[in-house]
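Read the structure below first, then the notes.
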Amino acid sequence: MGCQSVGGRSQSGGDAAQSKEGRPVDGFTHLNERGLPRMVDVGGKEETDREAVARGRVRTTPEVVAAIREGRVKKGDVLAVAQVAGIMGAKRTAEWIPLCHPLPLTGVDLSFELDETGGTIDIEARVRTRARTGVEMEALTAVAAAALTLYDMCKALDRAMVITDIRLEEKRGGKSGTFVRGEPGAVPDGANRPLP
(Lines of atoms letter the chains of each structure in order from A and count residues from 1; the text may use other names and numbers.)
(Lines give C-alpha, C1' and ligand atoms only; values in the text may rest on other atoms or scores of the structure.)
Protein backbone atom coordinates (compact mmCIF):
# COMPACT_ATOMS: atom_id res chain seq x y z
CA MET A 1 0.00 0.00 0.00
CA GLY A 2 1.34 3.36 -0.97
CA CYS A 3 0.35 6.95 -0.60
CA GLN A 4 -0.87 8.98 -3.55
CA SER A 5 -1.80 12.59 -4.07
CA VAL A 6 -5.46 13.19 -4.81
CA GLY A 7 -6.59 16.72 -5.54
CA GLY A 8 -3.59 18.19 -3.75
CA ARG A 9 -4.02 15.97 -0.68
CA SER A 10 -2.15 12.84 0.23
CA GLN A 11 -4.34 9.75 0.34
CA SER A 12 -3.40 6.33 1.66
CA GLY A 13 -4.64 3.26 -0.09
CA GLY A 14 -2.31 1.85 -2.72
CA ASP A 15 -1.17 2.73 -6.18
CA ALA A 16 -3.86 3.30 -8.80
CA ALA A 17 -3.32 0.66 -11.46
CA GLN A 18 -3.53 2.21 -14.92
CA SER A 19 -4.24 0.63 -18.29
CA LYS A 20 -2.17 1.50 -21.34
CA GLU A 21 -5.10 3.65 -22.51
CA GLY A 22 -4.77 5.77 -19.35
CA ARG A 23 -8.00 4.57 -17.69
CA PRO A 24 -7.95 2.83 -14.32
CA VAL A 25 -8.06 -0.94 -14.82
CA ASP A 26 -10.01 -1.60 -11.63
CA GLY A 27 -13.36 -0.79 -13.27
CA PHE A 28 -14.06 2.56 -11.62
CA THR A 29 -15.57 4.56 -14.47
CA HIS A 30 -15.92 7.69 -12.32
CA LEU A 31 -12.13 8.13 -12.13
CA ASN A 32 -10.04 9.79 -14.83
CA GLU A 33 -6.60 8.68 -15.99
CA ARG A 34 -5.03 10.35 -12.91
CA GLY A 35 -7.42 8.63 -10.51
CA LEU A 36 -9.43 11.80 -9.87
CA PRO A 37 -13.24 12.00 -9.88
CA ARG A 38 -15.00 12.73 -13.15
CA MET A 39 -18.56 12.73 -14.45
CA VAL A 40 -18.72 10.01 -17.11
CA ASP A 41 -19.45 11.30 -20.63
CA VAL A 42 -22.62 9.51 -21.78
CA GLY A 43 -23.13 11.71 -24.86
CA GLY A 44 -22.37 8.88 -27.29
CA LYS A 45 -24.80 6.43 -25.69
CA GLU A 46 -28.26 5.71 -27.07
CA GLU A 47 -31.34 6.85 -25.18
CA THR A 48 -33.29 3.82 -23.96
CA ASP A 49 -36.10 3.11 -21.51
CA ARG A 50 -34.64 2.45 -18.08
CA GLU A 51 -36.11 1.44 -14.75
CA ALA A 52 -34.75 0.75 -11.28
CA VAL A 53 -36.34 -0.57 -8.10
CA ALA A 54 -34.80 -0.01 -4.67
CA ARG A 55 -35.95 -1.04 -1.21
CA GLY A 56 -35.15 -0.20 2.37
CA ARG A 57 -36.50 -0.69 5.86
CA VAL A 58 -37.13 1.37 8.97
CA ARG A 59 -37.07 -0.61 12.22
CA THR A 60 -39.05 0.86 15.10
CA THR A 61 -41.60 -0.35 17.65
CA PRO A 62 -44.99 -1.95 17.01
CA GLU A 63 -46.55 1.06 18.76
CA VAL A 64 -45.00 3.52 16.29
CA VAL A 65 -46.13 1.44 13.30
CA ALA A 66 -49.65 1.37 14.75
CA ALA A 67 -49.58 5.16 15.26
CA ILE A 68 -48.54 5.65 11.62
CA ARG A 69 -51.23 3.29 10.35
CA GLU A 70 -53.94 4.94 12.48
CA GLY A 71 -52.87 8.53 11.68
CA ARG A 72 -51.99 9.37 15.29
CA VAL A 73 -48.56 10.96 14.68
CA LYS A 74 -48.72 14.63 15.72
CA LYS A 75 -46.63 15.89 12.79
CA GLY A 76 -49.24 14.69 10.30
CA ASP A 77 -49.70 12.02 7.63
CA VAL A 78 -46.34 10.27 7.86
CA LEU A 79 -46.63 8.13 4.74
CA ALA A 80 -47.90 10.95 2.53
CA VAL A 81 -45.03 13.23 3.55
CA ALA A 82 -42.48 10.41 3.17
CA GLN A 83 -43.86 9.62 -0.27
CA VAL A 84 -43.45 13.22 -1.43
CA ALA A 85 -39.95 13.32 0.10
CA GLY A 86 -39.00 10.19 -1.83
CA ILE A 87 -40.25 11.68 -5.10
CA MET A 88 -38.36 14.92 -4.41
CA GLY A 89 -35.23 12.95 -3.52
CA ALA A 90 -35.35 11.05 -6.81
CA LYS A 91 -35.79 14.29 -8.76
CA ARG A 92 -32.85 15.96 -6.98
CA THR A 93 -30.39 13.06 -6.93
CA ALA A 94 -27.84 14.89 -9.09
CA GLU A 95 -27.69 17.59 -6.40
CA TRP A 96 -27.08 15.04 -3.63
CA ILE A 97 -24.70 12.63 -5.38
CA PRO A 98 -21.81 14.58 -6.93
CA LEU A 99 -21.10 12.50 -10.05
CA CYS A 100 -24.70 11.66 -11.05
CA HIS A 101 -26.17 13.06 -14.24
CA PRO A 102 -29.36 15.15 -13.97
CA LEU A 103 -32.03 13.03 -15.65
CA PRO A 104 -35.53 13.69 -16.99
CA LEU A 105 -37.52 11.20 -14.93
CA THR A 106 -40.71 9.87 -16.49
CA GLY A 107 -42.06 8.28 -13.33
CA VAL A 108 -41.39 7.82 -9.60
CA ASP A 109 -43.59 5.52 -7.49
CA LEU A 110 -43.12 4.80 -3.79
CA SER A 111 -44.96 2.24 -1.70
CA PHE A 112 -44.84 1.31 1.97
CA GLU A 113 -45.54 -1.95 3.79
CA LEU A 114 -46.23 -1.67 7.51
CA ASP A 115 -45.67 -4.64 9.81
CA GLU A 116 -46.95 -3.90 13.30
CA THR A 117 -45.86 -7.26 14.71
CA GLY A 118 -42.27 -6.83 13.56
CA GLY A 119 -42.19 -3.07 14.09
CA THR A 120 -40.98 -2.37 10.55
CA ILE A 121 -41.85 -0.17 7.61
CA ASP A 122 -40.58 -1.42 4.25
CA ILE A 123 -40.12 1.17 1.51
CA GLU A 124 -39.99 0.50 -2.22
CA ALA A 125 -39.20 3.05 -4.93
CA ARG A 126 -39.62 2.43 -8.67
CA VAL A 127 -38.06 5.06 -10.96
CA ARG A 128 -38.30 5.28 -14.75
CA THR A 129 -36.69 7.37 -17.48
CA ARG A 130 -35.77 7.40 -21.13
CA ALA A 131 -32.15 8.49 -21.05
CA ARG A 132 -28.51 7.62 -21.75
CA THR A 133 -27.82 6.40 -18.21
CA GLY A 134 -29.69 4.46 -15.57
CA VAL A 135 -31.79 5.51 -12.58
CA GLU A 136 -30.37 3.23 -9.89
CA MET A 137 -29.13 6.15 -7.82
CA GLU A 138 -32.47 7.92 -8.15
CA ALA A 139 -34.30 4.87 -6.80
CA LEU A 140 -31.85 4.48 -3.92
CA THR A 141 -32.04 8.19 -3.10
CA ALA A 142 -35.84 8.05 -3.12
CA VAL A 143 -35.80 5.26 -0.53
CA ALA A 144 -33.22 7.07 1.61
CA ALA A 145 -35.18 10.34 1.54
CA ALA A 146 -38.43 8.57 2.43
CA ALA A 147 -36.74 6.69 5.28
CA LEU A 148 -35.15 9.85 6.68
CA THR A 149 -38.52 11.58 6.53
CA LEU A 150 -40.16 8.69 8.40
CA TYR A 151 -37.50 9.10 11.06
CA ASP A 152 -38.04 12.86 11.27
CA MET A 153 -41.82 12.53 11.48
CA CYS A 154 -41.66 9.87 14.23
CA LYS A 155 -38.52 10.65 16.22
CA ALA A 156 -40.55 12.08 19.11
CA LEU A 157 -42.04 8.59 19.53
CA ASP A 158 -38.84 6.57 19.02
CA ARG A 159 -35.37 8.06 18.69
CA ALA A 160 -33.89 4.55 18.46
CA MET A 161 -35.38 3.87 15.01
CA VAL A 162 -32.95 2.26 12.59
CA ILE A 163 -32.79 2.86 8.83
CA THR A 164 -31.43 -0.31 7.26
CA ASP A 165 -31.10 -2.56 4.22
CA ILE A 166 -31.25 0.14 1.52
CA ARG A 167 -30.38 -1.71 -1.66
CA LEU A 168 -30.97 -1.98 -5.39
CA GLU A 169 -33.45 -4.77 -6.20
CA GLU A 170 -33.85 -4.46 -9.97
CA LYS A 171 -32.38 -2.54 -12.86
CA ARG A 172 -33.59 -2.76 -16.46
CA GLY A 173 -32.48 -1.15 -19.70
CA GLY A 174 -29.21 0.13 -21.05
CA LYS A 175 -26.13 -1.65 -22.31
CA SER A 176 -25.57 -3.65 -19.13
CA GLY A 177 -29.04 -5.18 -19.38
CA THR A 178 -31.10 -6.50 -16.50
CA PHE A 179 -30.14 -7.03 -12.86
CA VAL A 180 -32.52 -8.71 -10.42
CA ARG A 181 -31.28 -9.30 -6.88
CA GLY A 182 -31.32 -12.96 -5.96
CA GLU A 183 -30.93 -14.29 -9.48
CA PRO A 184 -27.76 -16.34 -10.05
CA GLY A 185 -24.86 -14.11 -11.00
CA ALA A 186 -26.68 -10.89 -10.08
CA VAL A 187 -24.16 -9.86 -7.43
CA PRO A 188 -20.64 -11.32 -7.15
CA ASP A 189 -19.01 -12.67 -4.01
CA GLY A 190 -22.19 -13.89 -2.33
CA ALA A 191 -23.52 -10.38 -1.68
CA ASN A 192 -27.12 -11.52 -2.30
CA ARG A 193 -28.21 -11.61 1.31
CA PRO A 194 -31.91 -11.92 2.15
CA LEU A 195 -33.34 -9.65 4.79
CA PRO A 196 -33.42 -11.25 8.25
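In my numbering, the protein residues as written are -15 to 180.
Heads up, the beta-carbon is just placed ideally off N, CA and C, and yes, glycines get one too.
Count the other C-beta atoms from every protein chain shown that fall within 10 angstroms of the C-beta of residue i, then say buried if there are 16 or more, exposed otherwise.
i	result
R116	buried
G55	exposed
M23	exposed
G102	exposed
D61	exposed
K29	exposed
R114	exposed
V111	buried
A74	buried
V119	buried
A66	buried
E31	exposed
Can you grab the Cα-Cα spacing for the pair residue i / residue j, in whole Å?
i	j	result
A51	V57	6 angstroms
D25	P86	13 angstroms
G161	E47	42 angstroms
L89	K59	30 angstroms
E122	P21	20 angstroms
I150	F163	16 angstroms
D136	A144	12 angstroms
T13	R53	43 angstroms
K159	I81	22 angstroms
E5	E17	Low per-residue confidence applies at E5: pLDDT is 43, beneath 50, and the placement is therefore not dependable, though the value from the model is reported in the following sentence. Taking the straight line from one Cα to the other gives about 8 angstroms.
L124	K139	22 angstroms
Would DSSP call residue i helix, strand or coil?
i	result
R53	helix
L132	helix
A38	strand
V111	strand
V164	strand
T125	helix
V26	coil
V119	coil
With a CB to CB cut of under 7 angstroms and the five nearest residues on each side skipped, what residues in its chain are close to residue i?
i	result
S95	E108
A78	C84, H85, P86
E153	V37, A38, R39, R165
P168	none
Keeping to the same chain, check which residues put their C-beta closer than 6 angstroms to that of residue i; ignore five residues upstream and five downstream.
i	result
T104	R41, R43
L141	V48
If you drop the 5 nearest sequence neighbours on each side, which residues of the same chain put their C-beta closer than 8 angstroms to that of residue i?
i	result
G70	V92, L94, I107, A109, A126, V127, A129, A130, T133
D99	V49, I105, D106
M72	A129
What residue range does the beta strand (DSSP E) around residue i cover?
i	result
I147	146 to 156
V62	First-last for V62: 62 to 75, but that is the alpha helix (DSSP H), not the beta strand (DSSP E).
T90	89 to 99
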